[in-house]
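Heads up: the structure comes next, in structure tokens.
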Amino acid sequence: SKKGTRMGILVVGGSGFIGSHLCRILAERGEEVVSYDVSARPLGALLDAPENVRAKVKVVGGSVNDIPKLFRTIKDNKVEGLVYVAAVLLEADEMPTEALRVNVEGVANACEGARLFDLRRVVYFSSQGVYGARDVLEPVSENATLEPTAGMYQMTKYLAERLGEQYERQYGVSFVSLRPSMVFGPGQRLYYPLNMILAHAVARTSFARPNGADHPIDYTYVKDCAEGAALAYKSEKIKSPAYNISSGRLTTNAQVAEVVKKLYPGFRAEMGSGLIGSPILWKRILTGPLNLELARRDLGYRPQYGVEGGIADYSSYLNAHPQELLQMTSALVHPGEDWK
């Protein structure tokens, strides 16, 4: 039954970038958390968490497609509900069947676990990528037409949303999708323009690109993103099958550089005007800011950090973790460093 003795929140993909931040936020609030991840050790945001916080997160190593292990983890830990964050992202286009296995089949397994064990809710991490590119950069609401055709990652997110909605319709599993936009922060290995600009500033090197100053992106700080998931799990007012989670506004690369310069007054960033020329991916995913009205109304979501606060927090983290900065600056060579 959904009531009574059940306590644990299962975070599928809890050792990852967003997952580890979510585990930490839930544990800090006194929740009993089970991280289920192919990586059987606490990683990311849990590593420098206080001992009493880490103690509230049980780490279980397992694959989303190992159904007996997944179901046994739900049963043995008296799991009340789950958040699904696991995903194949960067490799999705090169490994489409693996992306389908983790991003769709894994979600099916989680939904089946929720059905069989009568879990309270499944919160699923989708992506703003399901909206596709937009010619007019106006706010995008949850009921917008979905065009997840930029790549296999976006398509798998779209398919898993539909699958979860069918589980809700047909079996009564409470399923809600979150659509975050460009999540950045400690532990991330992606080559967003914001990361590239900030990493150069923290490393005390100048930044120059021939274009891209006006390229607008709606970023989400990872702690805001994790907060959105915690709120979606707890909310008693879910009325939409999906919710946008982001800063709710577009920030250009020039604006990112200005924010960074406040933290690093000597930092030099020179960018030519217009959009990023290459890689073409950045034009393929150009879209308006996400409309946060529904998330505010039903979840009580308001970005606490936003872009400025997020950059400041991320910056102090990078200064305190020079090893992380080193990994980040070497990772920047692949594959976004060809911004030209």
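In our numbering, the protein residues as written are 7 to 346. Even glycine gets a Cβ: it sits at the ideal position worked out from N, Cα and C. In this text the structure is predicted, and so the values were computed from the model without any measurement.
Annotation: the continuous alpha helix (DSSP H) that includes residue 207 extends over 199-208.
Closest by C-alpha distance to residue 19, out of 27, 42 and 37, is 42.
Under the three-state reduction of DSSP, residue 226 is assigned to strand.
Between residue 249 and residue 185, the CB-CB gap stays under 8 Å. Taking residue 158 as reference, the option from 275, 133 and 66 with the minimal CA-CA separation is 133. In chain order, 173, 177 and 179 place their CB closer than 7 Å to the CB of residue 121, counting only its own chain and leaving out the 5 sequence neighbours on each side.
In the DSSP assignment, residue 322 falls outside any beta strand (DSSP E) and lies within the alpha helix (DSSP H) extending over 312-326. The DSSP assignment places 57-60 as complete runs of the alpha helix (DSSP H) inside the stretch 33-71, in order along the chain (cut-off: 4 residues). In the structure shown, residue 139 adopts coil according to DSSP, grouped into three states. CA-CA distance, residue 83 to residue 299, rounds to 36 Å. Burial check for residue 163: the Cβ neighbour count within 10 Å reaches 16 or more, so the residue is buried.
A straight-line Cα-Cα distance of about 28 Å links residue 241 and residue 320. In the structure shown, residue 217 adopts coil according to DSSP, grouped into three states. As DSSP reads the structure, residue 277 sits in a beta bridge with 215.
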